[in-house]
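In this note's numbering, the protein residues as written are 190 to 378.
The beta carbon of each residue, even a glycine, is placed where N, CA and C say it ideally should be.
Being a predicted model, the structure only gives us computed values, none of them experimental.
See below for the structure under consideration.
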């Protein structure tokens, strides 16, 4: 991708119309660097103050709130988790060795768990403003009372719930992925 972009820039350089006056490269380079420094400073100030986010829960809303230039650049450059400062093969081997030394063999039989996450399900018994003559979901109520169960609050509604499903089923945190990334598409396929 980078090589192709450079090739296009070189081609444009030779194919572009020639100018009559002398181009002031020094002044132009200083202007470009100055604009870049001001832009990066503004972005870093926005991130530090909390006005701009590096992670986007909902891409559509983020593009509307922060604009195309920032969101596009962020999603290209922010590819997810960063390499830790003390990362090395020996530090990873040490962690693996510690985990293996503490590992115990499972002696009891583990349960067979069926996990259902249904966005379209709604328990009408939770509505306080209506009176029902019969329980509309008796089987659900039976399973809820007899089996381990509960409610889950998630940070997204509508678009982006696929990421909640990914986190629940894999135990992987989406903070370790890039902005707007859909791990079902990029990791599991």
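Counted within 10 angstroms of its Cβ, other Cβ atoms place residue i as buried (16 or more) or exposed
i: residue 336; result: exposed
i: residue 368; result: buried
i: residue 251; result: buried
i: residue 327; result: exposed
i: residue 325; result: exposed
i: residue 300; result: exposed
6 Å Cβ shell around residue i - same chain, five flanking residues per side excluded
i: residue 193; result: none
Residue i (DSSP reduced to helix, strand or coil)
i: residue 366; result: strand
i: residue 336; result: coil
i: residue 306; result: coil
i: residue 217; result: helix
i: residue 230; result: helix
i: residue 321; result: coil
i: residue 289; result: helix
i: residue 259; result: helix
i: residue 281; result: helix
i: residue 301; result: coil
i: residue 376; result: coil
i: residue 267; result: coil
i: residue 208; result: coil
i: residue 328; result: helix
i: residue 197; result: helix
i: residue 294; result: coil
i: residue 460; result: Summary: the structure shown does not reach residue 460, with the chain confined to residues 190 through 378, and so no result is reported for it.
Cα-Cα separation, residue i to residue j
i: residue 275; j: residue 211; result: 50 Å
i: residue 257; j: residue 244; result: 15 Å
i: residue 263; j: residue 240; result: 15 Å
i: residue 343; j: residue 356; result: 11 Å
i: residue 364; j: residue 254; result: 20 Å
i: residue 247; j: residue 309; result: 20 Å
i: residue 333; j: residue 319; result: 21 Å
i: residue 372; j: residue 360; result: 12 Å
i: residue 260; j: residue 329; result: 42 Å
i: residue 351; j: residue 238; result: 30 Å
i: residue 215; j: residue 376; result: 45 Å
Proximal residues to residue i (C-beta, below 8 Å), its chain only, five neighbours per side dropped
i: residue 304; result: 357, 358
Checklist entry - Counting pairs of beta carbons, one from the region 310-318 and one from the region 283-302, are three or more of them closer than 8 Å? => result no
Next on the checklist: Using 8 Å as the cut-off, can you tell me whether the region 227-235 makes contact with the region 201-211, which would need three or more C-beta pairs spanning the two stretches below that distance?
Outcome noted: no
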